[in-house]
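Chains as they are written, first to last, in the numbering used here: chain A, 1 to 367; chain B, 368 to 718; chain C, 719 to 869; chain D, 870 to 1023.
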Amino acid sequence: MSHWIELNIGPVHPATHGIYRFRVKLNEETVEDVDITIGYLHRNAEKICELNYFVNNTIYFDRMDYIDAMNMELGYLRAVETLMDMEVPERAQWIRMIMAELSRIAARMVGIGALGLDVGMLTPFFHTFHEREKIQNIFVEASGGRQEVNYMSIGGVYQDFNDTIINEIKEFIAGFKGKLEEIVKMFTDSEIFWQRNVGTGVLEPDIALDYGVTGPMLRASGIPYDVRKDSPYLYYDKVNFDVPIAKSKDNMGRFLVKVEELRQSVRIIEQCLAKLPEGPYFNPKAKKSAMLLLKGQGDVFTRVESESGEFGVFIRGDGNVKPYRVHARSPSFKNLAVVPIMAKGSLIADLIITIASVDAVAGEVDR
Amino acid sequence: MSLLFRIHQWFSFLGNFASYGLAYLIQSIVVLIFVALSFVALIYIFRKYMARIQRRIGPNRVGKFGLLQLIADALKLIGKESILPENRDDMAYKIAPVIVMIATILAFVLIPFGDLAYFGSLAVTHSKVTLVLMFGILSIIPIGEVLGGISTKSNYALLGTMRAVAKDISFEIPMMISVLAIVIVSSRSYVTGDAITGGLSLSGIVSNEIIPYGIIEPLGLLIFFISMIARASYSPFDLGESDSELISGYTTEYSGMRFGFFYIGLFGMVYLSSFLISLLYLGGSNGPYDSYVGFIYLFIKTDILVLISFLIWVAIPRIRIDKFVDLGWKYLLPLSMVNLVYAGLFVLYIR
Amino acid sequence: MYKILSEETDKSGMKVLNIDKSDLVELMEDYKNRRYYLSSITGVDMKDHIDVIYHIHNFDKNDYLCVKVSTSDEKVPSITKLWKAAIVDEREQYDLMGIVFEGHENLRRILLPDEWVGHPLRKDYDLNKVQYISMDRDGNEHVSFDDKEGW
Amino acid sequence: MKTGDMGVKTTTLEKALEWGRSNSLWPLTMGLACCAIEMMATQAADVDVARFGSEIFRNSPRQSDLMIVAGTTTKRMAPRVKRIYEEMPYPKYVIAMGVCVIQGGPYVDGYSVVLGVDRVIPVDVYVPGCPPSPQALTYGLITLQKKIRNETDR
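Written out as C-alpha cells, the structure reads:
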C-alpha cells in the first residue's frame, strides 16, 4: 500500500537555487518520481543577441551563469574572436585567466555556502560570502561591476591591471588558502554532513555521459574530463594544475571535487601572477572607436570550462556587424536533466542535497 | 518561607481562600513576567551570538544596541493580518497555536526557581507531582504541532507533521526512561542511604541533589540532552520545520500572531529544556548559600546551557529523518535501558 | 550506408560533415559505436531552410565533430534513441526554432508555455505581437494576445 | 490620522505599530535571477541587513512582510509572483530590485520579459542597478522604513 503525495518544490523554494519547479511524487518520504519544469527565467538572450552588435552581447552572457560571469564572457569572446580571427595580446590572455579563475572561486563560494544552508548549517554560508565579497572588490577595482562585470571585450580586456589590483589579488590568495581549509573543515568535521552526503545522489558514469553531463558532476563520476586540460584555451597549457576526480560518484564526491578544484584554481592564479608579462592589454584592431564595425563570417563553436561544466558557444555570422545566430550549450541545462535519475528512490532530504550539489543556475538553464 | 506564603500574608485580610487564590495569581504573573523578560533577552542574545559566529553584527539599529528588536517584532506580529487557509479544519487550525502557547506558559509555572534572599522559595507550584505534570505538559505541545500541521491541508505542513510525529515517538521513550532513572536514584539519599519521599516533584529531586545527578549518571544526562534538543526541535533535529526542505514545516500556513505563538513556543522550549536539564542533572539551585542565592545558581546554569544549545543550533547540519529514528530506537533506547539498570544498581549500592 | 555530402573545416578547426537528413540516424549510430557523445544541437533558420547542427564529442580521443543537416520541411529524425541528452536539446530546439524531431516521444515546449504561438528564434517571428501568460488556480498556464487577460 | 476624531490614543498606538512594522521587515526569499545573489550578499556577513531588523529571511510567504523581487520577472513567472504576493498577509511591501524588475532592463527588446513588475504587483521602493550593490538595497530598505513610519501622517 502506498500513500502518494505530490509535492511541488519551486518555482520559488529555498532549495532550488534559481527558479525551476520540481514536481515530486512522494511515497511517504521516498521520492518515486521527479518531473522538472524549467523556463521560468527564459529571458530570450539568444534572440536579443541577434538584434545587437557583436560587442554588445557580452552583457547577456554575463547574465547567463550569473554567479560565474567572467567565464561566460570568456566563452562568448572566444567564439567571437575565432570568428573574426582576432589575436589577443599576451598580457590580456593572462589577465583573462586570472579573472576566470577568480570568478570560478567566487561561484563555488556561492555553491558551497548554499549547500551548507540546504543541509541546515547556517554558518558556512556567511564565511563563504565573506570571501566572495573580497573577490567582488577586486572585480570592482578592475571593471566597476561587482557581479555582472562586463570586463573582457573583443580583443582584450576593458582595463589594464594596475598595482593595486595585483596587490589585492595577492592579498586575497594569501588569506584564502587558510580560509578555504577552515570552511571545508566546518563541513567535513561534521559526522552528520558525511551521513547525509555519502551514498546519496549516485550518478553512474555511463548515464552521465549519455545525458551529456559535464563539469564537476562528470569528474565526480570518475571521468577526468576538463576542457582546460583536454583542449587548452588561453594559456592553460602553460600552467600546472591537476584535474581531481572522485570514485564515489555521490554527493560527497562532488563536494570534494569542487573543493579540490578551488585549491587548483588558487594554484593557477599564483602561477599566472608570476608569469604576467608587460605589454598591451587589447588588440588595436578592436579599439573602442572600431568596435561596432567588427564583422564576422562563418560558423564557429568554441567551449570553455565554466563552474558547472563545458560551456560551448555556437555563432554563425553572415558577414554583418550583428551575429546571425548565437546558441549557447549550457552545462546546467544538461546537468539538471539527470536529477530525476539521481533522486529516484532516495528520501526527500537527499533530493534537496542532490539539487544543491548539481548547482544549476537558472539563468544558464533557461537563457 | 516562600514568596507565595508572603503574598498570602499580605492579603490575609481577605480571608484564607481568597488570599491564597490571589497569591497564586500574582506570583504566577510575576514569574511569567520575569520569564518573558529573560526570554526577550535570550532571543536578543541568540541573535547577537549567532551574528558573532557568522562574522556579522546583528541587530543594532532598533533602540540602544538593538535591544528593542524583539519588541518591534512582537508589535509587528500583533498588527499583522492572520490569513486563514481555505481548506483548513477550522477549530483545529485555530486551537493549535493556543495549545502550544498555553502549554509553554504552564510548563514555566511548574519550575521550582529556588530561593532568593528575603523572598524565600520562588516556586509557584508546591504540588508533590510536578515532575509528572511537567512531562505531561511536554507531551501536550506536540499535539498542538500535529493539529496545526494536519489542519492546514498543505503538503509541506503534512510532511512536516509526519516527520515531527516520527521524531516525537522515537525520542520520547528514551527521555522518559532516563527521567525514570532519576526518580529511582532520588528515592534514596546518597548521603545517608535512607529512603526519602518527594521523588516525583521537581523541588523534591532538587533538594536531594547535593551532588548533581549528571555526575552520578552521565549517560542519563547525554540521553536527556539529546532528547531535549529533539523536543525543542532546533538544528540538528529540526525535522518538523526543516527550513530548506519543507519551507517551514507545520507552521507553513500560519501567519501573524498565530505564527508568533509557534515562534514563542520554539524559543520557549529551548529555555525550558535548559531549565529542566539544569534542574534534573546539574543540581538546579543547589550550591553554597543556596537559601539566599539559589535562584541565581539555577539561572546561571540555565543560561550556560542555553548558550551551548545555540552553539549546537548554528553549527550542526540537520540529520536525516531515517537516521534520527535509527538513533532513537537503536542507540538511545538501549542506552537508556542500561542507564536505568545502572540507576537501580546504584541505589542498591548506597543502601 | 550513409553518404557524406561534403567535408570541411570551420574557423575553430573543427571537422564538419554535411550529410542528408535521411542518413542522420545511421551516421550517428556509427559514431555512437565509436564512443562519441552528443554535446549540443543547434538550429539555424536560413529563411528558406533550416540548418540543424549537431556537435558530438569523443572523450577518449578528445575529438569534437560537427554534423550538419539541412531541412526544408522543418522535420528531422530524432536521435533520442541514441543519446538521452538529445531529449532536452530537441525539446529546446522544437520550442524556440520549431524543428519537429520525428520519433521524439515527448516533444513538448520546454522553455515557453505549451500554448505559446510561434517559435521565437525564427527570423520571421514578430516581436511586436506581445503575448501574455496568465495562470488559473491549478497552475495551468494560458497564453493570449490580449493584455487584459494578463495579470 | 485616519478617522479624524479618535484622539491622541489611536495615533500613539498606530505610531507604535508603525515603528514595530518598519523595524521588523522580514523579507521573503524571492530570488528570481542575478539579483538574488546580491540579495544573499546583503543578508551575508559584510553588509548584514540584520542590523535593521530584517534578520529572518522567511521561506513562507505567510510569515513575511517584505517581498524583494530580485531579478528578471519573465511572463511565465509573473502570475506566480502575483500569487505569492497575494499569499502574503497585510501589511505587505514590495521592493523592486534591479532594472529588469523596474522596466525590463537589458531584456527590454525581448518577447518573454515583463517590462516592469509594477504591471503585476504594486511596488513601494525601486532600487535601480544591474544588479544593485548590497549597499543600494540596504538604502532601499531604509527608504522603505521611512515610508512606513510616515504612513499615518498622510
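Where a beta carbon is used, it is the ideal one built from N, C-alpha and C, also for glycine.
Contact criterion: CB-CB distance below 8 angstroms. Does residue i meet it with respect to chain A?
i       : result
D:M957  : no
B:A524  : no
D:N928  : yes
D:I953  : yes
C:Y755  : yes
D:S1002 : yes
List the DSSP bridge partners of residue i.
i      : result
A:G298 : A:G317
A:F22  : A:I9 and A:I36
C:K786 : C:N736 and C:I771
C:W724 : A small fix is needed here, since residue 724 of chain C is Ser in this sequence, not Trp. C:N736, per the DSSP bridge assignment.
A:T128 : Paired residue(s): none; A:T128 is not in a bridge.
D:Y962 : D:L935
A:G27  : Before going on, a small fix: residue 27 of chain A reads as Asn here, not Gly. A:W4 and A:T30, per the DSSP bridge assignment.
C:P795 : C:E820
Suppose contacts are defined by Cβ-Cβ distances below 8 angstroms. Is residue i in contact with residue j by that definition?
i      : j       : result
A:L294 : A:M84   : yes
C:L745 : C:V794  : no
A:R96  : A:L203  : no
C:L829 : A:G39   : yes
B:A548 : B:L707  : yes
B:I644 : B:M595  : yes
B:L434 : B:Y411  : yes
A:G116 : A:F125  : yes
A:G212 : C:S796  : no
A:M86  : A:K258  : no
A:F61  : A:G75   : yes
D:F921 : D:I1011 : yes
B:S518 : B:R625  : no
B:V681 : A:T123  : yes
D:P975 : D:M957  : no
Residues of chain A with a CB under 9 angstroms from the CB of residue i: which are they?
i      : result
D:L901 : P11, V12, G18, I19, Y40, L41 and A362
B:A682 : M121, L122, T123, M186 and S190
Under 8 angstroms, Cβ to Cβ, is there at least one residue of chain D near residue i?
i      : result
B:Y601 : no
A:E133 : yes
A:I59  : yes
C:P838 : yes
Let me see if you follow: with CB-CB separation under 8 angstroms, is residue i close to chain B or not?
i      : result
D:E924 : yes
D:D993 : no
A:I183 : no
D:R945 : no
A:L117 : yes
D:R949 : no
Just to make sure I have the definition right: I need the residues of chain B whose C-beta is within less than 7 angstroms of the C-beta of residue i. Which are they?
i      : result
D:L886 : L442 and G446
List, in order along the chain, the chain D residues whose C-beta lies closer than 7 angstroms to that of residue i?
i      : result
B:P426 : A919, R920, G922 and E924
B:I450 : R931 and P958
A:Y66  : A902, C903 and I906
Quick check: does the Cβ of residue i come within less than 7 angstroms of any heavy atom belonging to the ligand SAH?
i      : result
C:I817 : Among the components modelled here there is no ligand, and therefore nothing to report on the ligand SAH.
For residue i, which residues from the same chain have a beta carbon less than 6 angstroms from its beta carbon, with the 5 sequence-adjacent residues on both sides left out?
i      : result
B:L712 : none
D:C969 : T941
By Cβ distance, which residues of its chain are closer than 8 angstroms to residue i, with the 5 residues on each side in sequence left out?
i      : result
B:A531 : P509, E512, V513, G516, S600, L606, G607, G616 and Y617
D:W888 : R1018
Who are the neighbours of residue i on chain A, taking C-beta pairs under 8 angstroms?
i      : result
C:H767 : Simply none; closest approach about 14 angstroms.
Check the Cβ of residue i against every Cβ in chain C and list those closer than 9 angstroms, keeping chain order.
i      : result
A:Q337 : The question names Gln, yet the displayed sequence has Ala at residue 337 of chain A. Within 9 angstroms Cβ-Cβ: K802, A803, I805 and V806.
Can you list the residues of chain B that residue i reaches, using a CB-CB cut of under 8 angstroms?
i    : result
A:L7 : N522, Y523 and L526
Taking residue i as the query, report the chain D residues whose CB atoms sit under 9 angstroms from its CB, ordered along the chain.
i      : result
B:T619 : N928, S929, R931 and Q932
Just to confirm my understanding: we take residue i, look at its own chain, exclude 5 residues before and 5 after, and list those with CB closer than 7 angstroms. What are they?
i      : result
B:S703 : P541, I544, S545 and I590
C:L723 : N736, I737 and D738
A:H127 : I183
A:F176 : E131 and V266
Below 7 angstroms on C-beta distance, what does residue i contact in chain G?
i      : result
D:A910 : Of the protein chains in the structure, A, B, C and D, none is chain G.
Consider the Cβ of residue i: report whether some Cβ of chain C lies at a distance smaller than 8 angstroms.
i     : result
A:K47 : yes
Name the chain D residues whose beta carbon is nearer than 8 angstroms to that of residue i?
i     : result
A:N44 : Y976, G979, Y980, S981 and V982
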